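Going by my numbering, the first residue of the sequence shown is number 15, and it counts up by one from there.
Notes to accompany the following structure.
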Amino acid sequence: MEYIHTVMETVKKRNAGETEFYQAVEEVLESLKPAIAKHPEFQQAGLLERIVEPERQIIFRVPWLDDQGKVQVQRGFRIQFNSALGPYKGGIRFHPSVYVGIIKFLGFEQIFKNSLTGLMMGGGKGGSDFDPKGKSDNEVMRFCQSFMTELAKHIGADTDVPAGDIGVGGREIGYMFGQYKRLRNEFTGVLTGKGLTYGGSLVRTEATGYGCVYFTQEMLKDRGTSFEGKTVVVSGSGNVAIYAHEKATQLGAKVVAMSDSNGYIHDPQGINLDTVKQLKEVERKRIKEYVHTHKNAKYTDGCAGIWNVKCDVALPCATQNELDEEGAKILIQNGCIAVAEGANMPSTPGAIKLFLNNKISFGPGKAANAGGVATSGLEMAQNSQRESWTFEETDNKLLRIMGNIYAASKNAAEEYGFPNNLVVGANIAGFLKVANAMMAHGVV
Ligand code: NDP
């Protein structure tokens with residue numbers, strides 16, 4: 015379609031070298047073809063041209079003092095991508111690979127993901143090339159304070175509400191919240207993923223992993239099966255991976271492999287989650303340490319090898335492009351029936367094509383990992399009402415939202431002529447809501 019081609023060419027020209035951003039935009043625009051064909055008014059309104067251009071991009075210097083008294087300088091980002099549906103909302107990532115192209119891809123995905131949750135949230139994302147690994151608590155605190163000193167000028171409970179992502183968990187959110195409160199002299203729900211003692215929501219820590227499993231449960235139900243007795247591989251061993259493991263296990267599955275950026279562990283008897291939590295959440299150690307206390311488990315260097323482990327269900331929960339065509343082929347050969355993305359864009363376009371062509375149930379990240387931001391939305395609601403809901407109440411809301419996202423994606427796929435293609439379904443369902451709001455707002 016000429017219109018989509020032209021928009022894609024402009025994206026490449028304007029955002030030179032930002033390959034992850036092109037990849038995310040291309041995937042969405044390709045699958046929007048049937049929706050654009052049905053709505054010629056979108057072209058006249060320049061809707062795609064507007065939706066691929068962030069409303070605001072903030073790039074700033076983050077100087078901080080390390081433990082040796084040396085000044086270090088990082089780069090900070092906040093991309094306020096689209097506010098058609100509500101205040102910008104999306105996590106903050108601290109990882110050395112962060113540059114504007116990664117934050118833009120994540121911010122772009124976030125627009126449609128947030129729309130799918132049914133809550134009123136726009137899309138944004140932020141981060142820095144700071145690497146929290148190997149830093150002392152004091153170094154992390156000084157960095158977070160410096161980062162927030164600039165970011166505070168641009169965010170607010172009704173403007174832009176960041177949360178966590180890779181490298182940003184409860185500790186970092188706490189330091190950033192403390193600094194925001196001090197700078198602004200206000201105690202508001204400006205960040206989500208907060209600690210329970212100062213306005214956090216129960217279930218937020220578990221939400222992305224649990225939500226991904228709830229979504230997968232719906233896919234399995236449609237195939238006439240469930241998690242009971244299934245063998246599962248979960249890549250990563252961070253926040254999303256740990257709670258995907260927890261919920262899959264509660265539903266009767268056995269998780270046999272997990273990883274970090276150095277390598278993966280395989281424990282045919284099922285990976286002991288308490289050990290992983292202790293290593294990763296408390297001691298901040300590497301996953302290979304697991305085999306010291308679990309003699310049946312084996313550690314292998316290189317995280318991509320995890321897809322060689324035979325499984326029924328694969329949940330990539332680490333990072334972008336971690337599951338390529340080669341990994342997809344092995345999963346399919348080994349009889350895997352379902353793949354759901356806990357991470358953002360973990361499957362390459364080639365891998366996705368293979369899954370869809372081989373009738374593997376495939377849950378794209380935008381839909382399958384939306385439980386995290388959905389529960390952030392619930393945290394915002396509780397903060398506004400000065401209330402806190404019980405674990406059970408919040409978990410039930412999460413379960414219901416994931417069921418709704420699945421139904422909306424499945425129905426849109428059918429309506430637009432791509433039955434069972436949840437990539438097309440999630441993109442169209444997420445897009446239409448944003449597009450209709452943008453049309454109503456006029457040329458802004
Ligand atoms: P964490 O920082 O808690 O964990 C990240 C995990 O992924 C770690 O095991 C890490 O290993 C691994 N990892 C990171 N970078 C790489 C890499 N380049 N190659 C291989 N492995 C890597 O992050 P989260 O669990 O919060 O996030 C994981 C994914 O889920 C991301 O894609 C994120 O965007 C997405 N997501 C997160 C949400 C949330 O609520 N937290 C919400 C929705 C999506 P190591 O320790 O070695 O770095």
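Positions of the beta carbon are idealized from the N, C-alpha and C atoms, including for glycine.
On a predicted model such as this, the values are computed, not experimentally measured, just so you know.
Put simply, the region 244-261 does not touch the region 417-430. Fewer than three CB pairs are less than 8 Å apart. In the three-state scheme derived from DSSP, where H, G and I count as helix and E and B as strand, V269 is classed as strand.
Classified as buried, H109 has 16 or more neighbouring CB atoms from the shown chains inside 10 Å of its CB.
Taken through DSSP and simplified to helix, strand or coil, I180 comes out as coil.
Per DSSP, the continuous beta strand (DSSP E) segment holding P77 begins and ends at 70-79. Set against 7 Å, the gap from the CB of E336 to the closest heavy atom of the ligand NDP is smaller. By the Cβ neighbour-count rule, F144 is buried, with 16 or more other Cβ atoms within 10 Å of its own. The residue from G439, P282, L412 with its alpha-carbon nearest to that of K324 is P282.
Exclusion of the five residues before and after E153 leaves D80, D81 as the residues of its chain whose Cβ lies within less than 7 Å of its Cβ.
Relative to the ligand NDP, the beta carbon of G178 is positioned inside 7 Å of a heavy atom. In the DSSP assignment, no residue is bridged to A395. Taking non-hydrogen atoms of the ligand NDP into account, the C-beta of C158 is found less than 7 Å away from none of them.
The ligand NDP has no heavy atom closer than 7 Å to the beta-carbon of S215. Shown here, Q88 sits in a strand according to DSSP, grouped into three states.
Counting the other Cβ atoms within 10 Å of the Cβ of K149 gives 16 or more, which makes it buried. At least one heavy atom of the ligand NDP lies closer than 7 Å to the C-beta of S275.
Shown here, D315 sits in a strand according to DSSP, grouped into three states. Under the three-pair Cβ rule at 8 Å, the region 384-392 counts as touching the region 219-229. Within the region 308-396, the complete alpha helix (DSSP H) runs of at least 4 residues fall at 339-347, 363-371, 379-382. Residue pairing by DSSP places Q94 opposite R70, G138 in a beta bridge. Taking C-beta atoms as the reference points, G138 and I187 fail to come closer than 8 Å.
V114 places its beta carbon 8 Å or farther from that of V66. Judged by DSSP secondary structure, G105 falls within the beta strand (DSSP E) whose first and last residues are 102-108. Per DSSP, the continuous alpha helix (DSSP H) segment holding V42 begins and ends at 33-45. Residue pairing by DSSP puts D174 in a beta bridge opposite Y102, G170. Just so you know, the alpha carbons of M416 and K261 end up roughly 14 Å apart. At least one heavy atom of the ligand NDP falls within 7 Å of the beta-carbon of G386. Three or more beta-carbon pairs drawn from the region 352-370 and the region 327-341 are found closer than 8 Å, and the two stretches are therefore classed as touching. When DSSP states are grouped into helix, strand and coil, T404 belongs to the coil group.
Counting the other CB atoms within 10 Å of its CB gives G266 a total below 16, which places it among the exposed residues. In this structure, N128 has its beta carbon at no less than 7 Å from each heavy atom of the ligand NDP. Secondary structure at V217: coil, using DSSP grouped into helix, strand and coil. The Cβ atoms of F91 and S160 lie no closer than 8 Å to each other.
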